[in-house]
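Chains as they are written, first to last, in the working numbering: chain A, 1 to 448; chain B, 1001 to 1425.
Next comes the structure, spelled out in structure tokens:
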């Protein structure tokens, strides 16, 4: 008698949990299927449009540049701290002063123009977006096309050293500006979320005549690249990310548990270990790390007005990501190391492009679109077959082991670690990231 | 039960306050700080403003402050607003400055009637406000014969930001208490909204013997206890039994929407408690940045924030309640005193230093009054308020007004304060 009662007491709740989990999983897969279909239909509805040549330097004129310099010279700062190096509350005044002075007194507009002119720029209308992109063929008709995707708060400037290296290796490069970033104007309607961007970029590749291509991305580029791979796997030869994707699951939990007692068994780098440990400090670390994310997913425009209208506002905003995500531990106190790693001229170029195009505010809207439109989809996708390569850099934002990466990417063909570089590896470890991409593509070519 | 950690923090604060040197009190003229050159610089920058070429339908923007609002305020500043009203308005009062600890504290001090024994009232504003908020209320309170002390929060208006870190609400509470002692007031009434409410609560918590009564317009409960749980359960089934107003009910229902509302509502707090300086540069250097981040709040916090209406409609409702001139007055003080960046630091200091203290706050005996306004950002029932306040002498509901009640329902909030003080006598 007792055994039967016991069986019921354990069996019924267990069965309930299993059934609820299965029902939830079914609900999720229905949602994924419907969203995928919606996106594909949306992409199919976009009319064909001409591809026209474009010269971005015409938008960054001497007048625009001079206006920036004038405003920098009249900057109003009231930091009022004893130590201008003080970084407890965020970017220190010394950082803002250093970049402001460099931009006003040393940087030359020609530095920007001469680099931008090295590349061939185009524009084409896809859906609601008047898309800018670089398109250059490195080799012959059979050269592998690579779609290079940047993230936030970056621009195609990020690839200014990498593109020549890839072209020399004989690859074809397509590098678009994300909607609202760089030379792609912000959409005048809402709804252009990362998933929609994925469709836009796929459509771009088709329009240029590339039915199959390699995707390389960092930050939003990594996420959008993964979405393209999820929706159009038959078109993607391989996906190379410099920012891994966090999905919680049994792998993560197991790793956390084992890692508490035998971390060396589980983690390859100190950054991987430090990402989750000590567990007691995790909430605090995440609270600090994702403050920017919170504001940009809720009220990006509210913050954006000061960043569009004020050069020091822009410098601080860009610095807090571009510079700190190239710094050890991404700490504001390490801004000098970060600036040294990323290069002050790269910061100035990025600032100048965001200033001239007035789209720093719009660039933040992508986070808002992600949070309210794509979150569920991005929390649940996996890439089962397409080969994936992941590059890890010590000063990057996310550090996951290969073991936990399998939750999202079931066919990881390459998983590399570098001894220097951060979230913007194309700027602070160009050889490293390009080498990884090239070796990945060569590996795929050998296997096919 | 007060934990030993909290108890030792309180003792540490009191010791720190006792160690502050005695300093003199000097007169201060706000006209000398509100320079026309600074104001005109703001107007120039506004005329040359760069606002993102925006959406097809900017009023409907889902991304936060609509550009139409920013341009409305900017145009009013450049075309209509009269800055002299701010200078004249402030000069109706007597201003002073004194060094307390690391704070070069500005305050208004108006003595009440000499005949009676004037009750001292400490008026505490919050973020992003200044003593300007009390400019209509102070004369009404003086008429009742009270003595008024209204300090400026560090980094807001005429109190410069401290040069050191660590000056959070708890330290400020001790500084305000020291100020009252310095002025000769052993016991006083405390009135506050926003940070003024939190600081007022801390003064009452740390120095209960000094506080005759505490009147707050922002009801904010940090702990989640049996009262909240009971209310949630019963209120889920029989809301009219538990909630007096629609706002109280909507604050907790439906539960599924509460976390989304929290996420939206806490964005400012999160960013300001982590990296206030990083974003603040743009607000000190650009009046448009100031209007976007801070100017928007005067409107939204004075509106019903109706989710069925678009962003501009909500902002315009707030403009109607708060007043476009009032918005401009607040912004012009913040601009001239370059307050925007440093004012946000109080959130950082609170979160990393004072959260435990605030969460443990319990006021068993000091009489408390709470005023509720329909457009305020928090709505807590009297039942739940008792988890913090053991002696609620007055709990009122007003039919209009928001987060800045001194601006959009002066009679309501001042009336509540006066009737509370009368109850204490």
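We put the CB at the ideal spot given by N, CA and C, even for glycine.
Run through chain A and tell me which residues come within less than 8 Å of residue i, C-beta to C-beta.
i: residue 1056 of chain B; result: 188, 189
i: residue 1262 of chain B; result: Correct list: empty, because the minimum Cβ distance to chain A is about 11 Å.
i: residue 1236 of chain B; result: Within 8 Å Cβ-Cβ: nothing; residue 1236 of chain B doesn't reach chain A, min ~22 Å.
i: residue 1342 of chain B; result: 78, 79, 80
When you compare each of the options to residue i by their alpha carbons, which one comes out closest?
i: residue 1410 of chain B; options: B:1398, B:1090, B:1421; result: B:1398
i: residue 1155 of chain B; options: B:1195, B:1181, B:1136, B:1144; result: B:1195
i: residue 350 of chain A; options: A:399, A:422, A:435, A:322; result: A:322
i: residue 57 of chain A; options: A:257, A:433, A:193, A:116; result: A:116
i: residue 260 of chain A; options: A:277, A:410, A:184, A:272; result: A:277
i: residue 203 of chain A; options: A:400, A:226, A:232; result: A:232
i: residue 1035 of chain B; options: B:1264, B:1250, B:1262, B:1083; result: B:1083
i: residue 1101 of chain B; options: B:1368, B:1060, B:1048, B:1174; result: B:1174
i: residue 970 of chain B; options: B:1422, B:1357, B:1405; result: Residue 970 of chain B falls outside the range modelled here, since chain B spans only 1001 to 1425, and no answer is possible.
i: residue 1256 of chain B; options: B:1240, B:1236, B:1270; result: B:1236
i: residue 438 of chain A; options: A:148, A:30, A:21; result: A:148
i: residue 1261 of chain B; options: B:1219, B:1305, B:1299; result: B:1305
i: residue 126 of chain A; options: A:270, A:208, A:286, A:424; result: A:208
i: residue 1292 of chain B; options: B:1063, B:1192, B:1308; result: B:1063
i: residue 447 of chain A; options: A:237, A:248, A:382; result: A:237
Could you give the DSSP three-state label for residue i: helix, strand or coil?
i: residue 1098 of chain B; result: strand
i: residue 243 of chain A; result: coil
i: residue 6 of chain A; result: helix
i: residue 1422 of chain B; result: helix
i: residue 1188 of chain B; result: strand
i: residue 253 of chain A; result: helix
i: residue 354 of chain A; result: helix
i: residue 188 of chain A; result: coil
i: residue 169 of chain A; result: coil
i: residue 305 of chain A; result: helix
i: residue 262 of chain A; result: coil
In chain D, what lies closer than 8 Å to residue i by C-beta?
i: residue 300 of chain A; result: The structure shown contains no chain D; the protein chains it does contain are A and B.
What does residue i touch in chain A if you count any residue whose Cβ is under 7 Å from its own?
i: residue 1379 of chain B; result: The premise fails here: residue 1379 of chain B is roughly 21 Å from chain A at the closest Cβ pair, so nothing lies under 7 Å.
i: residue 1298 of chain B; result: Those within 7 Å of residue 1298 of chain B in chain A number zero; the least Cβ separation is about 13 Å.
i: residue 1293 of chain B; result: 302, 303, 306
i: residue 1160 of chain B; result: 80
Using the DSSP secondary-structure output, state which residues sit across from residue i in a beta bridge.
i: residue 415 of chain A; result: A:390
i: residue 1397 of chain B; result: B:1372
i: residue 366 of chain A; result: Paired residue(s): none; residue 366 of chain A is not in a bridge.
i: residue 1389 of chain B; result: B:1363
i: residue 1179 of chain B; result: Its beta-bridge partners do not exist; DSSP assigns none.
i: residue 1426 of chain B; result: Not covered by the structure: residue 1426 of chain B. The range shown for chain B is 1001 to 1425.
i: residue 125 of chain A; result: A:130
i: residue 1026 of chain B; result: B:1097
i: residue 147 of chain A; result: A:174, A:215
i: residue 1051 of chain B; result: Looking at the DSSP assignment, residue 1051 of chain B forms no beta bridge with any residue, so it has no partner.
i: residue 1198 of chain B; result: Partner(s): none; residue 1198 of chain B has no beta bridge.
Residue i versus chain B: which residues are under 7 Å apart at the beta carbon?
i: residue 88 of chain A; result: 1165
i: residue 91 of chain A; result: 1277, 1278
i: residue 294 of chain A; result: 1267, 1270, 1271
i: residue 361 of chain A; result: 1052
Identify the contact partners of residue i in chain B, using a Cβ-Cβ distance below 9 Å as the criterion.
i: residue 313 of chain A; result: 1279, 1280, 1281, 1282, 1283, 1284, 1285, 1286, 1289
i: residue 368 of chain A; result: 1062, 1063, 1064
So residue i contacts chain B; which residues on that side make the cut at Cβ distance below 8 Å?
i: residue 354 of chain A; result: What residue 354 of chain A touches in chain B: nothing, since even the nearest Cβ is about 11 Å away.
Give the interface partners of residue i over in chain A, defined as CB-CB distance under 9 Å, in chain order.
i: residue 1305 of chain B; result: Going along chain A, no residue has its Cβ under 9 Å from residue 1305 of chain B, so there is no contact; the nearest lies around 13 Å.
i: residue 1039 of chain B; result: Those do not exist, as residue 1039 of chain B stays about 13 Å from chain A at its closest Cβ, beyond 9 Å.
**Message:** Between the region 358-365 of chain A and the region 287-307 of chain A, can you find at least three pairs of beta-carbon atoms closer than 8 Å?
**Reply:** yes
**Stretch pair the region 1143-1158 of chain B + the region 1102-1122 of chain B: three plus CB contacts closer than 8 Å** = yes
**Message:** I'd like to know if the region 1163-1171 of chain B and the region 75-87 of chain A are in contact, where contact means that at least 3 CB-CB pairs between them fall below 8 Å.
**Reply:** yes
**Request:** Decide yes or no for the touch test of the region 187-200 of chain A against the region 374-385 of chain A: beta carbon pairs closer than 8 Å, at least 3 of them.
**Result:** yes
**Asked** Touch check for the region 1325-1336 of chain B and the region 1028-1047 of chain B: three-plus C-beta pairs under 8 Å?
**Response** yes
**Prompt:** Using 8 Å as the Cβ pair cut-off and three pairs as the minimum, do the region 130-150 of chain A and the region 94-104 of chain A touch?
**Reply:** no
**Request:** Pair every Cβ in the region 1016-1034 of chain B with every Cβ in the region 1081-1100 of chain B, then say whether three or more of these pairs are closer than 8 Å.
**Result:** yes
**Touch test, the region 407-422 of chain A against the region 60-67 of chain A, Cβ-Cβ under 8 Å, three pairs minimum** = no
**Asked** Taking one C-beta from the region 1313-1325 of chain B and one from the region 338-349 of chain A each time, how about it: are there three or more such pairs within less than 8 Å?
**Response** no
**Prompt:** Between the region 1235-1252 of chain B and the region 1373-1380 of chain B, are three or more C-beta pairs nearer than 8 Å?
**Reply:** yes
**Message:** Under 8 Å, with one C-beta from each stretch per pair, do the region 215-222 of chain A and the region 418-435 of chain A reach the 3-pair mark?
**Reply:** yes
**Asked** Can we say the region 1006-1022 of chain B touches the region 1051-1058 of chain B, given the rule of at least three CB pairs closer than 8 Å?
**Response** no
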